[in-house]
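Colleague: Submitted below is the structure of interest, expressed as structure tokens.
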Amino acid sequence: MTLNGWLQFLIYFVVLLLAMRPLGIYMARVFAGEIHFLRPVENLVYRVSGIDSSEEMNWRDYAGAMLLFSFVSMLLTYFIERLQHFLPWNPQHLPGVEAVLAWNTAASFTSNTNWQSYVPETTMSYFTQMVGLAYHNFFSAAVGIAVAIALVRGIARRESKTIGNFWVDTTRACLYVLLPICIASALVLVSQGVVQNLHGYTVAHTLEHQTQTIAQGPVASQEAIKMLGTNGGGFFNANSAHPFENPTAFSNFLEMFLIFLIGAALTVTLGRMTGSPGHGWAVFACMALLFIAGFTVAYWAEAHPNPALHGVDQHVSALQSGGNMEGKETRFGISQSALFATITTDASCGAVNAAHDSFMPLGGMIPLINIMLGEIVIGGVGSGLYGMLIFVILSVFIAGLMVGRTPEYLGKKIEAYDVKMSMLYVLIFPLVILTFAAISLLSPSMGLSSLANQGPHGLSEILYAFTSAAGNNGSAFAGLNANTHWYNISLGFTMLAGRFLMMIPMLALAGNLAMKKSVPPSPGTFPVNTALFTVLLTGVILIVGALTFFPALSLGPILEHLLLQHGILFS
Amino acid sequence: MTDRQTFWNPVILRHAVIDSFRKLDPRLMMKNPVMFVVEVGSVITTVLLAEELLRHQPISFDLQITLWLWFTVLFANFAEAIAEGRGKAQADTLRKARGETIAWRIRPDGSIEPVSSSQLRAGDMIRVEAGQFIPGDGEVVEGVASVDESAVTGESAPVIREAGGDRSAVTGGTRVLSDWIRVRITSNPGETFLDRMIALVEGAQRQKTPNEIALSILLSGLTIVFLLAVATLQPFAIYSHAPQTIFVLVSLLVCLIPTTIGALLSAIGIAGMDRLVQYNVLAMSGRAVEAAGDISTLLLDKTGTITLGNRQATEFFPAPGISAERLADAAQLASLSDETPEGRSIVVLAKEKYNLRGRDVSGMRCEFVPFTAQTRMSGVDLPGTRIRKGSADAITRFLEQQGSNLPRPVLDRVEEIARLGGTPLVVSENSTTLGVVYLKDIVKGGLRDRLARLRAMGIRSIMITGDNPLTAAVIAREAGVDDFLAEAKPKDKMDLIKREQAKGKLVAMTGDGTNDAPALAQADVGVAMNTGTQAAREAGNMVDLDSNPTKLIEIVEIGKQLLMTRGALTTFSIANDVAKYFAIIPAMFAGAFPVLNALNIMHLARPHSAILSAVIFNALVIIALIPLALKGVKYKPMSAQALLRRNLIVYGVGGIVVPFIGIKLIDLVLTGLHLA
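Quick mapping for you: the protein sequence lines, in order, are chains A and B.
The first sequence: position 215 = 196 (the numbering used here), numbered continuously.
Offset between the second sequence (1-based) and the numbering used here: plus 6.
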């Protein structure tokens, strides 16, 4: 680890801190309907789609609208993929995508996962990427934000049957939040050298008389929303390690910044909307703690020499970054690769600028743990906040009793129904991950046949795939070829469960909280805006996460790390 | 009974041990999902053990695991049985009081017939005479009697029960000591207060409280999570070529699921009710005890709760030209026959301040004038002298009849006393005004501190009084209540409760009169005084057998203690799991991968000893925590922030550290004894 590496981290963190507050306040005002510079466009959208923007929905209607919207748009993407050879903007004349892969990809983009079982530049036409996929990059992010806002409303409102209007929230998230930031940052990315065209691929002749196909396309416009919406699906297979997606140190900084921007700002929005700014900061502080801890371990693990490369000079010098540079871009180095890996998995983004599969066992365990904690360390846009709030409610419930009152969160009593919905939310996540991973590990024909590595590393690869899918992250330990019938189908299901099965109890919780009376705060009230609360919340997240996944981790990365120290490797 | 005595009481202990086995019935166990899982695990290992026995395999480790799993279940049952046992002992005492007696029923024609007490029905009229037991709950409709209620309240001093007013309710099983009363029976056999009390302390009517249900859901959810983690661990282990035996997997599962809190949850609830009973308060439901912890507004009646029931003379203010001695002397003389506490306090004050002794009035040819509602004054007529004391209005009228009136300075003094919350009593002798006696409400000692403690916990106290706002404000300031409701009528009390509840607050109050009943029913915690009317006792969800309204504060503290104990043990239970992982996971896989011994940070001797130690710790910790569950965690009133910090350190951090030490110690013992 170097001072330079830490400074890069520090600059990143400070810039994020400066930007999150204004955006958070802005979003609180947007969703309260107080900002209307785009009102004509907004009204046009409502009129064309026949939406009554003044209508308020209860949680069932809200969930129903969300599910309907997601289902229809998923279907649309599926057919665009299948029929892309009949559609325009296909200069490479790529054929229609086969059924199982199309299902997997449609599920993946609808659920904000952007898991890619395919190589984009040889599978998807420009039209599919721009309409079928980029469309979801915007709307799945908007849906996430809308649903999080609905939960915050549930907390903030008193004795209310409704939690907002899904169509209005989604429209506003797109128009006022995602589009403006994306347009601006796409232009900045182009200035850094990210390509943006609709040309066919260029064939170049190299000095060695070889030919090289240089893939290109409308990249910059995709890149911005891929980060901002924590989608992560790359235009190219190499994702943000590709020089056309992420050419410079500055573009790398901007991409990392965009990943965390909305998620971090939403904690400010939470504080604003509930009238308890301190609580918003306490929640952010917990996220920041986990983020810093994760980065520290990952950076430490990657900056140290690989014991397997005995005798090779792996020290930092003017000529090399030192540490484990396998699978990393020299233009980013150790610090920026570890930071990117931490951020992208903290935030359910899944874009990568290095190969997580090539990280040291402990360095690679950090992305895995980040996802296993439930994608709540900043988390996906919206989903990070509501996932975190579930943990807040559980923490308040477990420890709240210790102040001698039945637990209450910001004036709302936490009762049996709330605990039930929260536990359901918490339960679905390990259920899909562990069950599918266990089936895969037991089945040589389905699960193990496409696995490149053996031993604990192989276990990590399979575990990572389902964890990434359930957490709607989309990054991968690439040693596993997931473009098989089994993985396409099971991962597709995992992604949908990790998104929609979890959203439903969460919205039910929002509806139930909204209906409750609010108890005015007093010195006897459980404090949720203090450093003590932050420590408690962090403890609960770590203990619940660790208790659920520690056995699996101990047979994966932990075992691999210990064996590596003794020189035992797995090919 | 102290906790120590009951805990070691051999009778209760023996019953509890027997009950622990009786409670193994799966139909009973199913009510506690966490412990049910342990029982299922125990059954599975027992079956496998039997199979191993038949095949003559070595079973030392498997046998020990199985035994300790059963112990875990039994310990949990034992905790519940002990908690119930304490109530049962009390119920037995009460049952003795309920024994069949002969009742003297009054027929409609007025004649009296003897019937068995079990034949009495609501509406029957009975007559009870000195020495007889009251055969059932009822209302006195005629007569006054002193009643020994020690069977119910434990208080040996007899109480007065009389027709009409707020002291008309009598309880079956109590005994009339003197005089006779006519009683209308108000409850059927089996539904009497005593019956309900027996059922309550026995826990027969125990239903899970709302918070208990919510906590059970959380615990069940965690159990499912761990079930999942352990069930899928086997495929992971098989892939890693390190499959595990069912004994080890069940051990891991039992160690991870929150057995500590699961085992003690119902004991905590029963003990909470029991602690109230020890304070002589009967909660009609566990829900009420829970609500007591959540109270944010406390309604306190001024008279009897905040102040001593009566006003007392504290000072003499003579009129201009009159000596203080003369005023005191006249006031004392006028009060000699006044048996009210106020009258007595004047006699006492005169004696203390001016050394004026009460004198023998029989030789003075004096005639006492009693207080009447019309004149609103009292006094004494001596030959040629008429001394009167009374309110300023009454004395003014008395003076006007004699062509005189109150001097200005006296009038000023009267107004000032009234403004300070006192009662001014003007004393006059014939047409001369002698001065004013200052009667004052005396705030109960220590109340101010206790209310301050409540405030620190975020509980607002509101004083309810019939006094005018001026007077009320003075007492309120003196007592340290946060707010007051002056000139309160029963309906105002009700409205106040509803207003507070609309703000989301939970309200507690005490009451004894029939007109308190609606408010008692509306309040979240309504504590009826046992001396109160039947209507009040029916309306409240708690009854204070000592009829001490200040006890509301203890009730709130017990409620809080109950919730804190639950939270503390839940936190402790979950925090425990960290150490258990570090014991069991390396033990499971160190055989196949010796490098995993790096995780064996406790340096446990052998895989078998490590697993066994974790299982034994998990079982023993239940027994170790039974006293805490029964007594409740220590409670000191402080802000939520301070409480949380303290409890998180003790039960959260402690919960992480303690098992590391405990498991290591057990491992040393096991290795020393060559058990593993």
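Glycine residues also receive a C-beta, built at the ideal position from the N, C-alpha and C atoms.
Every value quoted in this text rests on a predicted model; they were computed, and no experiment measured them.
Using a Cβ-Cβ cut-off of less than 8 Å, list which residues of the segment 109 to 141 of chain B approach chain A; keep chain order.
Modeller: Across the segment 109 to 141 of chain B, no CB contact with chain A closer than 8 Å is found for any residue.
Colleague: Who pairs with M383(B) in a beta bridge, going by DSSP?
Modeller: G396(B)
Colleague: Just curious, the alpha helix (DSSP H) that E119(B) is in, first and last residue?
Modeller: If you look at E119(B), you'll find it isn't in any alpha helix (DSSP H); it sits in the beta strand (DSSP E) that goes 118 to 122.
Colleague: Measure the Cβ-Cβ separation of V549(B) and T265(B) and say whether it is below 8 Å.
Modeller: no
Colleague: What residues in the segment 489 to 507 of chain A bring their beta carbon closer than 9 Å to a beta carbon of chain B?
Modeller: K497, K498, S499, V500, P501, P502, S503, P504, G505, T506, F507
Colleague: Quick one: which unbroken beta strand (DSSP E) runs of 3-plus residues sit fully inside the segment 450 to 519 of chain A? Chain order, please.
Modeller: none
Colleague: Note the first and the last residue of the continuous alpha helix (DSSP H) segment covering E145(B).
Modeller: Premise fails: E145(B) lies in the beta strand (DSSP E), 144 to 148, not in any alpha helix (DSSP H).
Colleague: Tell me the DSSP bridge mates of H186(A)?
Modeller: H186(A) is bridged to T192(A).
Colleague: Quick one: what does DSSP say A328(A) is sitting in, helix, strand or coil?
Modeller: In the three-state scheme derived from DSSP, where H, G and I count as helix and E and B as strand, A328(A) is classed as coil.
Colleague: Going by C-alpha distance, which of Q380(B), T320(B), P347(B) is nearest Y360(B)?
Modeller: T320(B)
Colleague: May I have the straight-line CA-CA distance separating V416(B) from V442(B), to the nearest angstrom?
Modeller: A direct Cα-Cα distance of roughly 7 Å separates V416(B) from V442(B).
Colleague: Please state whether DSSP places K557(B) in a helix, a strand or coil.
Modeller: Residue state, collapsed to three classes: helix.
Colleague: With 16 as the cutoff for other CB atoms within 10 Å, does P592(B) come out buried or exposed?
Modeller: buried
Colleague: For T8(B), which residues from the same chain have a beta carbon less than 8 Å from its beta carbon, with the 5 sequence-adjacent residues on both sides left out?
Modeller: Note that T8(B) has pLDDT 42, beneath the 50 cutoff, so the model's placement of it is unreliable and the number below is only indicative. Answer for T8(B): no residue qualifies.
Colleague: Could you tell me whether the Cβ of T387(A) comes closer than 8 Å to any Cβ of chain B?
Modeller: yes
Colleague: Go to V375(B), then tell me how far its beta strand (DSSP E) extends in each direction, as first and last residue.
Modeller: V375(B) -> beta strand (DSSP E) spans 373 to 375.
Colleague: Please identify the residue among K670(B), T313(B), S246(B), A298(B) whose C-alpha is closest to the C-alpha of N547(B).
Modeller: A298(B)
Colleague: Could you please tell me which residues of the segment 251 to 281 of chain B, in chain order, have their CB closer than 9 Å to any CB of chain A?
Modeller: L258, L262
Colleague: Does any residue of chain A have a CB that is nearer than 8 Å to the CB of Q567(B)?
Modeller: yes
Colleague: Contact criterion: CB-CB distance below 8 Å. Does L448(A) meet it with respect to chain B?
Modeller: Inspection of the sequence shows that residue 448(A) is occupied by Thr rather than by Leu. Not closer than 8 Å to any Cβ of chain B, the Cβ of T448(A) fails to qualify, so no.
Colleague: Nearest to P538(A) by alpha carbon, out of A489(A), L25(A), G345(A), L429(A)?
Modeller: G345(A)
Colleague: So, is L224(B) buried or exposed, given that buried needs 16 or more other C-beta atoms within 10 angstroms?
Modeller: buried
Colleague: Using the C-alpha atoms, what's the distance from A128(B) back to A408(B)?
Modeller: The displayed chain sequence assigns Gln, not Ala, to residue 408(B). In a straight line, the C-alpha of Q408(B) is about 59 Å away from that of A128(B).
Colleague: Which of the three DSSP states, helix, strand or coil, is assigned to T8(B)?
Modeller: With a pLDDT of 42 at T8(B), under the threshold of 50, the modelled position of that residue is not reliable, and the figure given next carries that caveat. Of the three classes helix, strand and coil, the one that applies to T8(B) here is coil, per DSSP.
Colleague: Contact check, S166(A) vs A205(A) under 8 Å by CB: the rounded distance?
Modeller: 4 Å
Colleague: Identify every residue that forms a DSSP beta bridge with T391(B).
Modeller: L388(B)
Colleague: Is there at least one Cβ from chain A nearer than 8 Å to M570(B)'s Cβ?
Modeller: yes
Colleague: Please state whether the Cβ-Cβ distance between M476(A) and W84(A) is less than 8 Å.
Modeller: no
Colleague: Round the Cβ separation of A542(B) and T576(B) to the nearest angstrom and send it over; I've been treating them as touching at under 8 Å.
Modeller: So it is not a contact: roughly 37 Å between Cβ atoms.
Colleague: Taking 8 Å as the threshold (beta carbon to beta carbon), is M608(B) in contact with chain A?
Modeller: no
Colleague: Would L320(A) count as contacting chain B if we go by Cβ distances under 8 Å?
Modeller: No, its Cβ sits nowhere closer than 8 Å to a Cβ of chain B.
Colleague: Establish whether the CB of F458(A) and some CB of chain B are separated by less than 8 Å.
Modeller: no
Colleague: Check whether the Cβ atoms of T238(B) and A491(A) lie closer than 8 Å to each other.
Modeller: no
Colleague: By the criterion of Cβ-Cβ separation under 8 Å, what are the contact partners of V407(A) in chain B?
Modeller: G227, V231
Colleague: Is it buried or exposed for M402(A), if we count other Cβ within 10 angstroms and need 16 for buried?
Modeller: buried
Colleague: How would you write the range of the alpha helix (DSSP H) that G244(A) sits in, first residue to last?
Modeller: 230 to 254
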